[in-house]
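Engineer:
Residue numbers (our numbering), protein chains in the order written: chain A, 6 to 87; chain B, 16 to 192.
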């Protein structure tokens, strides 16, 4: 028995007795798929919300703390009265 | 925005229904072969297929002309591979049904044989999908083919490791020890 014959024989064995498709398969798949889509949408929205909140928080902090302004000197006392 | 989304959902549902009507029978047969269950009692195959179809449905808008059948089959195969890794090895091992033609094979052999022979996936694609070298896929497929065609216990590689009849069992009773 050479290779094509063997493969054909195995294919014949594999194609025997197909299982009947359950009638609720489509509905169940759509239900689960919709749930997956809803969850993905929710996760995406949460992610964007978090990103926006982080951006707003950073802006507010930067405006109030002004980290780019040179801080007043701590070592030399301010010169007054000369 | 709203009605565009609604029309997209309606189109997706319509196309998906046609896809399921056409492909579910073949995919269910594939899943039943993978799980080695009987054709009329295949809860695990149904669960596997439902998950694969749900995954295909959820990614329907992002297929961009790709074959949904390919997507479902790929998900089925990888999901079965991971499930086989988690569920089969240990205590809760599912017994293959003797009515299945692939009951004598290991899950990996079943997966490769079904992908190569029943689904007609090329060797290189199957190897890439499963993360195995091509030579290994080739040899596993050959071995599985031999096991399916000649199910005599002496020729199956699995029979070597199982408990054979010990040599002293056939010793004549009257012989002194």
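Note that the Cβ used here is the ideal one computed from N, Cα and C, for glycine as well.
Considering only the alpha carbon of each residue, which of A:75, A:72, A:44, A:16 lies closest to residue 73 of chain B?
Structural biologist: A:44
Engineer: Please check the pair residue 22 of chain A and residue 54 of chain B, which I expect to be a contact at CB under 8 Å, by giving their CB distance rounded to whole angstroms.
Structural biologist: 5 Å
Engineer: Roughly how many angstroms lie between the CA atoms of residue 26 of chain A and residue 39 of chain B, to the nearest whole one?
Structural biologist: 7 Å
Engineer: Are the CB atoms of residue 46 of chain B and residue 111 of chain B within a distance shorter than 8 Å?
Structural biologist: no
Engineer: Can you tell which of B:26, B:98, B:24 has its C-alpha closest to the C-alpha of residue 60 of chain B?
Structural biologist: Nearest of B:26, B:98, B:24 to residue 60 of chain B, Cα basis: B:98.
Engineer: Mapping DSSP to helix, strand and coil, what is residue 33 of chain B?
Structural biologist: helix
Engineer: Could you work out which residue in A:14, A:6, A:40 is closest to residue 68 of chain B when comparing CA atoms only?
Structural biologist: A:40
Engineer: DSSP three-state label for residue 53 of chain B, please.
Structural biologist: strand
Engineer: Can you list the residues of chain B that residue 68 of chain A reaches, using a CB-CB cut of under 8 Å?
Structural biologist: None at all; the shortest Cβ gap to chain B is about 34 Å.
Engineer: Contact criterion: CB-CB distance below 8 Å. Does residue 46 of chain A meet it with respect to chain B?
Structural biologist: no
Engineer: So, residue 164 of chain B versus residue 35 of chain A, is the Cβ gap smaller than 8 Å?
Structural biologist: Taking 8 Å as the Cβ cut-off, residue 164 of chain B and residue 35 of chain A do not qualify as a contacting pair.
Engineer: I need the boundaries of the alpha helix (DSSP H) containing residue 41 of chain A, first residue and last residue.
Structural biologist: 30 to 70
Engineer: With three or more C-beta pairs closer than 8 Å as the rule, is the region 46 to 53 of chain A touching the region 74 to 91 of chain B?
Structural biologist: no
Engineer: Measure from the alpha carbon of residue 37 of chain A to the alpha carbon of each residue in B:62, B:29, B:139, then state which is nearest.
Structural biologist: That would be B:62, whose Cα lies nearest to the Cα of residue 37 of chain A.
Engineer: Does the Cβ of residue 63 of chain A have 16 or more other Cβ atoms within 10 Å, making it buried, or fewer, making it exposed?
Structural biologist: exposed
Engineer: Quick test of your reading: residue 138 of chain B and residue 129 of chain B, contact by CB under 8 Å. State the CB separation rounded to the nearest angstrom.
Structural biologist: Wrong, their Cβ atoms sit about 14 Å apart, outside the cutoff.
Engineer: Please say whether residue 145 of chain B and residue 49 of chain B have beta carbons closer to each other than 8 Å?
Structural biologist: Going by C-beta atoms, residue 49 of chain B is not nearer than 8 Å to residue 145 of chain B.
Engineer: Please compile the residues from chain B whose C-beta is within a distance smaller than 7 Å of the C-beta of residue 22 of chain A.
Structural biologist: 54
Engineer: Could you check whether the Cβ of residue 26 of chain A sits closer than 8 Å to any Cβ belonging to chain B?
Structural biologist: yes
Engineer: May I ask you to list, following chain order, the residues of the region 123 to 153 of chain B that have a beta carbon less than 8 Å from some beta carbon of chain A?
Structural biologist: Those would be 128, 129, 132, 133, in chain order.
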